[in-house]
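The structure appears right after this line, and notes come after that.
In our numbering, the protein residues as written are 231 to 332.
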């Protein structure tokens, strides 16, 4: 299955947080299972979410471009996404390979 389909299904199921604020809330509330950080995200954003993921014990993948991730969801460019379901997270990891991970 391709990453766009997986993210679309996760969004439709209500198991995807997108954007800085939503992803940070998902991490702090313990709902995030996997975080996807766009390769063209700003350095401050990357460091911030790597730190938040480490603190929460949540793995992250550095993969994809902001514009593409946002367009797959029918939204504006997104630098970070959080998958909040272990099944969707496993499928996404398999689909994108490992990329640069935590």
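We put the CB at the ideal spot given by N, CA and C, even for glycine.
DSSP state of residue i mapped onto helix, strand, coil
i, result
"residue 303", "coil"
"residue 247", "strand"
"residue 269", "coil"
"residue 313", "strand"
Residue i versus residue j: straight-line alpha-carbon distance, rounded
i, j, result
"residue 246", "residue 327", "19 Å"
"residue 237", "residue 298", "12 Å"
"residue 322", "residue 233", "6 Å"
"residue 241", "residue 305", "11 Å"
"residue 292", "residue 267", "5 Å"
"residue 302", "residue 288", "23 Å"
Sequence-distant residues of its chain with Cβ nearer than 7 Å to residue i (five each side left out)
i, result
"residue 314", "245, 246, 247, 256, 261, 262 and 263"
"residue 231", "321 and 325"
Sequence-distant residues of the same chain with beta carbon closer than 6 Å to residue i, five excluded per side
i, result
"residue 271", "309"
If you pair each beta-carbon of the stretch 274 to 292 with each one of the stretch 254 to 261, do three or more pairs fall below 8 Å? yes
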